[in-house]
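See below for the structure under consideration.
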Amino acid sequence: MNNEYEKNKVEKSTLYLVATPIGNLSDITYRAVKVLSEVDFIAAEDTRNTPKLLMHYGIKKPLVSYYEHNKRERGEYICERLLSGESCALVTDAGTPAISDPGADIVRLCIEKNIRVTSIPGACAAITALTLSGFDTKRFCFEGFLSTVKSEKNDRLSKLAREKRTLIIYEAPHKLKTTLEDIYKAFGDRSIAICRELTKINEEAVRTTLSEACAYYAENQPRGEYVLVIEGAGEEETAFYADMTAEEHVAFYEKQGLPRMDAIKAAAKDRGVPKSTLYAELNKG
Ligand code: SAM
19 MNNEYEKNKV EKSTLYLVAT PIGNLSDITY RAVKVLSEVD FIAAEDTRNT
69 PKLLMHYGIK KPLVSYYEHN KRERGEYICE RLLSGESCAL VTDAGTPAIS
119 DPGADIVRLC IEKNIRVTSI PGACAAITAL TLSGFDTKRF CFEGFLSTVK
169 SEKNDRLSKL AREKRTLIIY EAPHKLKTTL EDIYKAFGDR SIAICRELTK
219 INEEAVRTTL SEACAYYAEN QPRGEYVLVI EGAGEEETAF YADMTAEEHV
269 AFYEKQGLPR MDAIKAAAKD RGVPKSTLYA ELNKG
């Protein structure tokens with residue numbers, strides 16, 4: 019018991035990254051409540067939301083704001099207090115600090131200044147959505163929010179089109195429709211799990227396809243918070259000839275020295291179609 023107590027004691031000069039609920043207020047650990055109750059002060063991304071959480075658990079602590087637009091100056095200020103011996107808990111808007119929020123910046127700053135950082139694990143929307151998706155969870159790839167700059171967003175999506183791992187993307191409701199269309203354009207039709215309002219009353223995980231999702235949101239207004247989980251690319255989409263026309267594919271083998279008929283045979287084998295089908299396609303144009 020004593021050892022357990024020692025291990026869980028809040029220490030001086032330490033930044034605690036404290037995961038908070040992503041909707042359901044009960045999704046917080048005993049350790050998180052203990053740390054929030056015992057640190058000297060709390061740095062919060064949203065100083066309007068966090069007091070509601072603290073009040074729910076009967077915690078009264080001095081708060082300082084720490085968010086995207088004051089993170090530089092406020093990060094330095096928090097570090098100064100940590101260096102002077104105080105302990106601080108960082109809580110972001112929801113979920114695990116440093117995942118698609120300004121938490122990562124203060125972690126880097128603390129590491130630079132040799133300040134101890136520790137993480138109190140808990141809810142994270144990406145992992146909650148992944149577990150509900152039904153897709154491969156052995157390997158996955160978290161993209162967070164896609165760029166708001168159209169060209170950067172499309173560049174990124176075209177790079178991701180051949181990604182074999184399950185893909186996780188965060189999106190705001192007002193951009194959901196366009197983002198689904200952009201993903202559909204870049205990936206073609208694929209299975210997707212649209213996870214909405216996780217842990218809340220209206221929680222939903224709709225397993226569908228990109229084409230059906232685009233059709234649905236062309237008619238219906240997105241509401242709430244969303245995580246998109248997309249099945250990784252299959253063999254066909256990642257094959258070296260995926261972007262080649264039939265003629266380019268055959269030419270590839272010809273360049274390697276195969277006579278035309280053997281090149282057609284090899285390309286047909288790759289594509290899993292009879293030689294005659296490929297031959298007919300080549301002669302179409
Ligand atoms: N740090 C957070 C985490 O651990 O998940 C993520 C913060 S990021 C600023 C906020 C985004 O997370 C939202 O736009 C949404 O994509 C996703 N998100 C957060 N809570 C969610 C929920 N209850 N249901 C679905 N998505 C959620």
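The opening position of the sequence shown corresponds to residue 19 in this note's numbering, with each subsequent residue numbered one higher.
Yeah, the Cβ is synthetic: ideal placement off N, Cα and C, and Gly gets one too.
For residue 59, the secondary structure class from DSSP, reduced to helix, strand or coil, is strand.
Excluding sequence positions up to five before and after residue 52, its CB lies less than 6 Å from no other CB in the same chain. Nearest neighbour of residue 125 by Cα position, chosen from 298, 89, 270 and 177, turns out to be 89. Around the beta carbon of residue 140, a 10 Å sphere encloses 16 or more other beta carbons of the protein chains shown; the residue is thus reported as buried. In terms of Cβ geometry, residue 204 and residue 233 do not form a close pair [threshold 8 Å].
Within the same chain, 37 and 142 come within 6 Å of residue 114 by CB-CB distance, once the 5 residues on both sides are set aside.
Rounded to whole angstroms, residue 212 and residue 255 show a C-alpha spacing of 22 Å. In the three-state reduction of the DSSP assignment, residue 109 falls in the strand class, which pools E and B.
Here the alpha carbons of residue 75 and residue 247 stand approximately 33 Å from one another. Assigned with DSSP and collapsed to three states, residue 164 falls in coil, not helix or strand. Contact between the segment 186-197 and the segment 156-166 is present: 3 or more CB-CB pairs across the two stretches fall below 8 Å. For residue 216, no alpha helix (DSSP H) segment is defined, and its DSSP state is neither H nor E. When the five nearest sequence neighbours on each side are left out, the beta carbons in the same chain lying within less than 8 Å of the beta carbon of residue 176 are those of 204, in order along the chain. Taking residue 47 as the centre and dropping the five residues before and after it, the same chain places the C-beta of 37, 138, 139 and 140 closer than 8 Å to its C-beta, in chain order.
Shortest gap from the CB of residue 189 to any heavy atom of ligand 1: under 7 Å. Just so you know, the alpha carbons of residue 281 and residue 174 end up roughly 34 Å apart.
Inter-residue distance for residue 49 and residue 56 is about 10 Å (C-alpha atoms, whole angstroms). Assigned with DSSP and collapsed to three states, residue 286 falls in helix.
In this structure, residue 245 has its beta carbon less than 7 Å from a heavy atom of ligand 1. Comparing alpha-carbon positions, the option among 227, 218 and 231 lying closest to residue 42 turns out to be 218.
Taking 8 Å as the upper bound for CB-CB distance, residue 29 and residue 105 are in contact here, some 6 Å apart. Residue 258 is classed as exposed because its beta carbon has fewer than 16 other beta carbons within 10 Å across all chains shown.
Residue 200 is not a Cβ neighbour of residue 182, given a cutoff of 8 Å. If one requires a minimum length of 3 residues, the beta strand (DSSP E) runs lying completely within the segment 176-242 are 184-189, 209-214 and 222-227, in chain order. A straight line joining the alpha-carbon of residue 265 with that of residue 300 spans about 6 Å.
At least one heavy atom of ligand 1 sits closer than 7 Å to the Cβ of residue 216. For residue 118, the Cβ falls inside the 7 Å cut-off from some heavy atom of ligand 1.
A residue is called buried once 16 or more other Cβ atoms fall within 10 Å of its Cβ, and residue 110 is buried on that count. Residue pairing by DSSP places residue 34 opposite 107 and 136 in a beta bridge. Nearest C-alpha to residue 241 among 285, 260 and 195: 195.
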